[in-house]
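Here's the structure, in structure tokens; my notes come after.
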Amino acid sequence: MNDDNLSLIKEEVYKCSKCGLCQSVCPLYLATKNEMYLSRGRYNVLNNFFNNRKNLSSKFIKDIDICLNCNECKNFCPSSIDAEAVFTQIKYKFNYKYGIIPFSVSYFINLHLHKIKKIFSKDKLYKVKVRRKKHKFQQNNKKIVYFEGCFNKYINPSDKNSSLNIMEKLGFQIININSCCCGLPFYSEGNLKAFKINADKIIKSIPVNADYIICSCDSCYATLKKAFKNNSISEKLLRLEDLLRLNNYQLPVCSNTVVHRTLGRKEEYYLPLNIKTINKKGSCSLMENFFMLKYKELYKILLKSVFYKKAEIDNKTIITTCQLSKQGIAKGIDYIGSNANIVSYSEYIEINS
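In my numbering, the protein residues as written are 11 to 363.
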């Protein structure tokens, strides 16, 4: 981060009026009552640093990662301070390290070794398995790059298979690229240099004749929006459901089905009218910022205050448009002993069509 960027962060932090409205929406603060997990508390420390030029402690640099990056505080902030951007830039400036090795390194090692599967409830997560099909539908002249993401590549290929099956039914031609990771692990740890390198690789891999770049994961979609910023290909980026909406895809109607609204999601879902967004005590699956993997003790505390109530989800199918959320919800379902079933958006369509 250069001095200009640091000045911009100063200006953002100085806008905090200490009003405390973020207290009412921060899941971490509501669960722990710890001011240092609140944006206001962290802004106070940063203000002292900027004013007195005292060194920030290594503990503080680590503590600002103990965050869901949900940015709910921004939505309630009178000054609209972008907390996620502030803390990401601070981690980048002060070379934050999660542990002996960066979190992104251990994360990718676990993905390649498939050890990450042991963290999640296999009964809940892998109940639905969709195979890849060969379709003989009339093709149109539109070409699609499907961005599978690392979870679909290593953990849950069923969502990828479902997505490709649906797009081919619509007649789209699929262009295959190596699309392992959107770069979220780099961004969440403040490694903006690695994030840019990863973004450049993705951009170079996308053929110029591609009409759409499709994600079936809200986390990948939001991260690629950041990665493609100031690049014209961002206009081609769509969620899978956006593509289905554009093509008036006939959706299946199912009973006892609800949808999980992912954090930061403001747009309405493209779903049958009988499917409602479920009421819940909190607003997250606890896989945001890979929180469930990083902070296991805090995760257990937070789970009790923000996850679904057992009575809300028993005997229901929960749909999510985010593969990270699917992992978090599956773990939460197992933890509270519910018999709910969790499926991705594409899996829901494919298994019920």
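The C-beta atom is built at its ideal place from N, Cα and C for all residues, glycine as well. All values reported here derive from a predicted model rather than from experimental measurement.
Whole angstroms are fine: how far does the CA of Ile76 sit from the CA of Met11? With a pLDDT of only 46 at Met11, under the threshold of 50, the placement of this residue in the model should not be trusted, and no figure is reported.
Pairwise C-alpha distance: Phe113 and Leu123: 15 Å
When DSSP labels each residue in this structure, what does Gln333 get in the three-state scheme? helix
Within 10 angstroms of its Cβ, does Pro37 collect 16 or more other Cβ (buried), or is it exposed? Buried, because 16 or more other Cβ atoms sit within 10 Å of the Cβ of Pro37.
Reduced DSSP secondary structure (H/G/I, E/B, other) of Met11: Below a pLDDT of 50, predicted positions are generally treated as unreliable, and Met11, at 46, falls in that range; no measurement from the model is reported.
Euclidean distance between Cα positions of Lys286 and Val268: So the two alpha carbons sit approximately 5 Å from each other.
Within 8 Å, strictly: CB atoms of Asp169 and Gln333: yes
What residue range does the alpha helix (DSSP H) around Asn362 cover? Tyr355 to Asn362
Who does Lys153 pair with in a DSSP beta bridge? Gln183
For chain D, check one thing: does any of its Cβ atoms lie closer than 8 Å to the Cβ of Leu308? In the displayed structure, chain D is absent; only one protein chain is listed.
Check whether the Cβ atoms of Val155 and Ile110 sit closer than 8 Å, and answer yes or no. no
Kindly indicate which three-state DSSP category Tyr47 falls into: helix, strand or coil? DSSP places Tyr47 in helix when its eight states are reduced to three.
Start and end residues, alpha helix (DSSP H) containing Arg255: Leu250 to Leu256
Cα separation between Lys144 and Asn175? 8 Å
Hey, is the region 271-285 in contact with the region 255-263, meaning 3+ C-beta pairs nearer than 8 Å? Counting Cβ pairs under 8 Å, three or more are found: they touch.
Excluding sequence positions up to five away, which residues of its chain have a Cβ less than 6 Å from the Cβ of Asn362? Pro262 and Cys264
Member of Leu248, Arg255 and Tyr108 whose CA lies at the smallest distance from the CA of Phe300: Considering only alpha carbons, the answer is Tyr108.
What do you get for Leu250, buried or exposed, if any count of 16 or more other CB atoms within 10 angstroms of its CB means buried? buried
Taking Thr267 as part of the beta strand (DSSP E), name the residues at either end of that continuous run. Thr267 to Val269 is the extent of the beta strand (DSSP E) around Thr267.
Assign Lys310 to one of three DSSP states: helix, strand, or coil. helix
Consult DSSP for Asn351 and reduce its assignment to one of helix, strand or coil. strand
Over the uninterrupted alpha helix (DSSP H) stretch that includes Cys230, give me the two end residues. Asp228 to Ala237
Tell me, please, which residues DSSP counts as bridged to Cys191. Answer by DSSP bridge pairing: none, since Cys191 is not bridged.
Quick one: residues in its chain with C-beta nearer than 7 Å to the C-beta of Tyr345, no 5 flanking neighbours on either side, listed in chain order? Once the five neighbours on either side are set aside, the close Cβ partners of Tyr345 are Leu313.
What is the DSSP secondary structure of Tyr259, reduced to helix, strand or coil? coil
Measure how close the beta-carbons of Val140 and Ser172 come, nearest whole angstrom, since I'm counting them as under 8 Å. With a Cβ gap of about 5 Å, Val140 and Ser172 count as contacting.
Rounded separation between Asn240 and Lys214 - CA only: 15 Å
Is the region 189-199 close to the region 227-244, with three or more CB pairs under 8 Å? yes
Locate the alpha helix (DSSP H) running through Cys83, then write down its first and last residues. Here the alpha helix (DSSP H) through Cys83 covers Glu82 to Phe86.
CA-to-CA distance, Met297 to Ile352, given in whole angstroms: Each residue's Cα considered, the two are about 15 Å apart.
Bridge partners of Thr287, per DSSP? Val269
Measure the alpha-carbon distance for Phe97 versus Lys20 and round it to whole angstroms. For Phe97 and Lys20, the distance between alpha carbons rounds to 12 Å.
Helix, strand or coil for Cys29, going by three-state DSSP, please let me know. coil
Pairs of beta-carbons, one from the region 195-212 and one from the region 86-100, closer than 8 Å: are there three or more? These segments touch.
Rounded to a whole number of angstroms, what is the C-alpha to C-alpha distance between Phe118 and Ile207? 16 Å
Give me the DSSP bridge partner(s) of Tyr222. Ile154
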